[in-house]
Structure formats: C-alpha cells, structure tokens
Ligand code: ZN
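In the working numbering, the protein residues as written are 162 to 306.
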C-alpha cells in the first residue's frame with residue numbers, strides 16, 4: 162500500500178493494526194453484530210452498549226487484512242462515547258469518501274487516513290466492512306430503544 166498513502170497515514174493505519182483500540186468482546190453487550198467480506202476473508206464483530214442516545218461502549222474483534230482491522234479500530238476510537246446521530250453522520254461521510262471519492266472533512270478526524278483506500282477499489286470493501294457492521298448495530302439500537 163506504500164504508493165497509496167503518505168507516510169503519516171500509513172503509520173497510523175499500521176499502528177491501529179498492531180495495537181487495535183477497544184479490542185475484544187464487551188461482556189453482556191446488548192447489541193452484537195458481525196459481518197464478513199468474503200472477497201478478502203475479513204471478519205469483524207462489534208459489541209455495542211447504547212445509553213442516552215450515545216454509544217456508551219464499543220468493542221470489536223475479528224481477523225483479516227490490515228485495512229479491515231485498522232478501519233474497525235479507528236471506528237471505535239472515533240465513536241466511543243459519541244451520540245448515535247454523529248455515528249450515523251460519520252458513517253455516511255466515510256462511505257462518501259471511500260466510494261464517491263469525496264474529500265474528508267474535519268469531522269472524520271484520523272479516519273481521513275483511509276482516504277487512499279478509495280484509489281484501490283478491491284480494498285474499499287475491506288475498509289467499509291466495519292462501517293456496514295456498525296450500521297446493523299445502529300439499526301438494532303433504534304428498534305430496541
Ligand atoms: Zn481485507
């Protein structure tokens with residue numbers, strides 16, 4: 162992925178891969194969702210606790226390529242403790258950046274490191290996997306609230 166990312170972003174992505182944030186199951190999580198990307202063999206599980214309209218806690222685990230796991234780690238770091246509407250908005254912006262090639266705005270924070278993935282279509286599914294899984298979780302949260 163060397164030519165697709167500048168050094169700073171590549172380091173950030175590798176750092177999340179090597180030291181994933183919020184990694185592991187949440188005991189007694191009321192919402193558990195998972196997804197796979199069969200093209201690459203990626204698998205992501207997300208555990209969510211929602212309280213007062215916000216993501217009170219979030220944990221992930223899984224296996225797969227560095228892009229899929231780093232994206233999930235960055236997702237949890239960005240959205241832990243954040244309101245659900247913000248989570249929905251950030252998800253839309255990540256998708257717009259990766260699929261439509263839109264420029265990241267400041268709300269994405271470190272997630273802009275994934276921008277280079279948009280130039281490698283086979284990897285877009287890797288980066289989007291955790292976001293698709295999150296959307297399942299948010300939909301579940303909406304029906305159980
Ligand atoms: Zn992958």
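All C-beta atoms, glycine included, are put in the ideal place defined by N, C-alpha and C.
Since the model is a prediction, treat every value here as computed from it, not as a measurement.
Run of the beta strand (DSSP E) containing residue i, from where it starts to where it stops
| i | result |
| --- | --- |
| residue 293 | Element bounds for residue 293: not the beta strand (DSSP E) but the alpha helix (DSSP H), 282 to 305. |
| residue 224 | 215 to 224 |
Residue nearest to residue i in terms of C-alpha spacing, selected from the options
| i | options | result |
| --- | --- | --- |
| residue 220 | 196, 181 and 256 | 181 |
| residue 293 | 260, 264, 271 and 280 | 260 |
| residue 298 | 175, 225, 205 and 170 | 205 |
| residue 268 | 282, 183, 249 and 283 | 249 |
| residue 199 | 186, 286, 303 and 296 | 286 |
| residue 237 | 218, 254, 225 and 276 | 218 |
| residue 174 | 212, 196, 255 and 230 | 230 |
| residue 227 | 214, 167, 172 and 190 | 172 |
For residue i, three-class secondary structure by DSSP
| i | result |
| --- | --- |
| residue 193 | strand |
| residue 200 | coil |
| residue 207 | strand |
Cβ shell of residue i (< 6 Å), same chain only, five flanking positions each side left out
| i | result |
| --- | --- |
| residue 257 | 263 |
| residue 291 | 205, 232, 233 and 236 |
| residue 223 | 204, 205 and 206 |
Neighbourhood of residue i by C-beta distance below 7 Å, restricted to the same chain and skipping five residues each side
| i | result |
| --- | --- |
| residue 301 | 192 and 194 |
| residue 170 | 274 and 277 |
| residue 303 | none |
Where the alpha helix (DSSP H) containing residue i begins and where it ends
| i | result |
| --- | --- |
| residue 254 | 245 to 260 |
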